[in-house]
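Respectively, the protein sequence lines represent chains A and B. Following my numbering, the numbering of the first sequence begins with 857 at its first residue and continues without gaps. Following my numbering, the numbering of the second sequence begins with 151 at its first residue and continues without gaps. We put the CB at the ideal spot given by N, CA and C, even for glycine. Computed from a predicted model, the values in this text were never measured in an experiment.
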Amino acid sequence: GPLSERRLMDVRLGELPAWLAACDLSPQGLLGGAQKAWRSYYDKYINVKRGGPAGISMLLAGYCLLSYGWNYQHISKVSFLVSV
Amino acid sequence: VLHATRPLHTTHKCLAPLPCLPEKGGEVRYGLIPEEFFQFLYPKTGVTGPYMLGTGLLLYLLSKEIYVINHETVAAACILSVIIYAVKKYGSDVAAFADKLNEEKVGKALAVKNEAIKDLEAAIEHEKKEQWRTEGRGYLFDAKRNNIAMLLEANYRERLLTVYNEVKKRLDYQVATQNLKRQKEQDHMIQWVEKNVIQSITPQQQQDSIAKCILDLKALSKSAQAAV
Chain A
857 GPLSERRLMD VRLGELPAWL AACDLSPQGL LGGAQKAWRS YYDKYINVKR GGPAGISMLL
917 AGYCLLSYGW NYQHISKVSF LVSV
Chain B
151 VLHATRPLHT THKCLAPLPC LPEKGGEVRY GLIPEEFFQF LYPKTGVTGP YMLGTGLLLY
211 LLSKEIYVIN HETVAAACIL SVIIYAVKKY GSDVAAFADK LNEEKVGKAL AVKNEAIKDL
271 EAAIEHEKKE QWRTEGRGYL FDAKRNNIAM LLEANYRERL LTVYNEVKKR LDYQVATQNL
331 KRQKEQDHMI QWVEKNVIQS ITPQQQQDSI AKCILDLKAL SKSAQAAV
């Protein structure tokens with residue numbers, strides 16, 4: 857289909873800049889993109905009849921990684937490492 | 151003002167009936183990494199590719215101190231082990247409980263739906279019965295027509311009888327008056343005749359008739375004596 861409506865995984869490497877230029881980067885567009893991403897994740901892993909731990913565990917793991925990344929500067933300081 | 155030519159409901163998908171929920175979620179290995187990742191790497195690196203990638207990544211992070219080992223690592227390890235133990239031990243029970251709750255909800259909704267269907271079917275039966283009943287209209291109207299005809303006939307005959315009685319009464323009256331008149335004329339005539347006759351008897355005639363009667367009686371007594 858047309859470039860602007862394809863998902864990221866279906867875009868070839870050479871077309872990546874064109875895809876980035878074509879996608880909707882306004883606030884509403886970003887919000888819509890975020891909603892769509894959450895919707896697809898939710899429908900695939902959480903909104904099922906017999907889900908397992910995978911649905912929320914992936915969210916928690918992502919949160920752990922994100923928070924580690926945000927606090928890396930503080931964690932890697934020597935003062936912090938020596939204090940405990 | 152609604153423009154009649156503008157088509158409605160062009161953008162929204164039809165929401166009913168809702169599609170069924172999928173039975174199981176997407177496949178996830180070790181609870182953290184979706185199966186798609188392994189499938190993505192399989193053509194190029196085979197089965198062990200992702201594991202090699204993971205090990206290499208881990209060693210890189212550790213050696214370069216991008217991931218720092220401190221007290222938080224120990225805490226995370228303990229928490230993770232407890233969580234995994236709890237999930238492995240009680241996971242199926244919790245899942246069964248949740249399934250039961252779901253079953254009850256679905257069962258209630260189904261019950262409501264079946265109830266509604268039953269009610270509607272009963273209503274349909276009722277309606278059909280009513281429609282069958284209307285076929286008897288003909289009989290009803292015939293009976294009513296007969297009733298009315300009977301009433302009219304009875305009324306007509308009643309009035310006929312009244313007419314007859316009234317006419318008879320008037321005729322009887324006429325007859326009675328005529329009879330009365332005749333009677334009265336007769337009586338009056340007889341009285342008048344008697345009165346005149348009595349008046350016409352003169353005293354001389356009276357004497358003569360008395361003497362004739364005495365003579366007749368004497369003759370009779372003579373003949374009677376002779377007979378005895």
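Residue range His221 to Thr284 is occupied by the alpha helix (DSSP H) that includes Val224/B. Contact check for Leu182/B against Met914/A passes: the beta carbons are separated by less than 8 Å. Using a CB distance cut-off of 8 Å, Gly908/A counts as an interface residue toward chain B. Using a CB distance cut-off of 8 Å, Tyr898/A does not count as an interface residue toward chain B. Close to chain B, meaning a Cβ-Cβ distance shorter than 9 Å, are the following residues of the stretch 901 to 928 of chain A: Tyr901, Ile902, Asn903, Val904, Lys905, Arg906, Gly907, Gly908, Pro909, Ala910, Gly911, Ser913, Met914, Ala917, Cys920, Tyr924 and Tyr928.
Of the other Cβ atoms in all chains shown, 16 or more fall within 10 Å of the Cβ of Ala910/A; this residue is therefore buried. Proximity of Lys239/B to chain A, defined by a Cβ-Cβ separation below 8 Å, is not satisfied. Beta bridge pairing from DSSP links Val178/B with Pro184/B. Contacts with chain A at 8 Å (Cβ-Cβ) do not include Pro193/B.
For Asn903/A, no alpha helix (DSSP H) encloses it, and the DSSP letter there is neither H nor E. Listed along chain A is no residue with a C-beta nearer than 9 Å to that of Ala227/B; the closest approach is about 13 Å. In this structure, the beta-carbon distance from Leu191/B to Pro200/B falls below 8 Å. The C-beta of Val867/A comes no closer than 8 Å to any C-beta of chain B. Taking a contact to require three or more Cβ pairs closer than 8 Å, the stretch 246 to 263 of chain B and the stretch 924 to 938 of chain A do not qualify as touching. Shown here, Lys933/A sits in coil according to DSSP, grouped into three states, outside any helix or strand.
Taking the CA atoms as reference points, Ala326/B sits about 34 Å from Glu303/B. Interface residue (Cβ-Cβ distance to chain B less than 8 Å): Leu859/A is not classified as such. By the C-beta criterion, the stretch 884 to 900 of chain A is judged not to be in contact with the stretch 206 to 224 of chain B, since fewer than 3 inter-stretch pairs fall below 8 Å.
Gly908/A places its beta carbon less than 8 Å from that of Gly175/B. Separation of Lys318/B and Asn297/B (C-alpha to C-alpha, rounded to the nearest whole angstrom) is 32 Å. Contacts with chain A at 8 Å (Cβ-Cβ) include Ala245/B. Taking the Cα positions, Ser923/A is about 35 Å away from Asn252/B.
Counting only the Cα atoms, Gly257/B lies some 41 Å from Met865/A.
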